[in-house]
Amino acid sequence: MSEALTATLTSYYDQVPYDSHPFPQTAVEHLEALSFLFGLDARRPASRACSSWAVLRVAT
Numbered sequence: 582m583s584e585a586l587t588a589t590l591t592s593y594y595d596q597v598p599y600d601s602h603p604f605p606q607t608a609v610e611h612l613e614a615l616s617f618l619f620g621l622d623a624r625r626p627a628s629r630a631c632s633s634w635a636v637l638r639v640a641t
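Residue numbering for the sequence shown follows the numbering used here, starting at 582 and increasing by one per position.
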C-alpha cells in the first residue's frame, strides 16, 4: 500500500466519531459488590490503569 493511500485512509478513520457505550454492569465497583455477595475473593485493583485486568479476572 502506498504512503499516500495509507495517509488518506488514516485521516478518514480519524474523522469518524466513535461513541462510547460502556456497560454499567462491568464497572469494577459493581463486580466487586457481586463478588462479595457471592462469597468470592476479589481484590481491588491497585490503580485505575489496571481496572480492565481486574474486570477480566473477576469475570473468569
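In this text, a Cβ means the ideal position worked out from N, Cα and C, and glycines have one as well.
- Taking P605 as the centre and dropping the five residues before and after it, the same chain places the C-beta of H611 closer than 8 Å to its C-beta, in chain order.
- Each residue's CA atom was taken as its position, placing P603 and L586 some 33 Å apart.
- Rounded to whole angstroms, A588 and Y599 show a C-alpha spacing of 20 Å.
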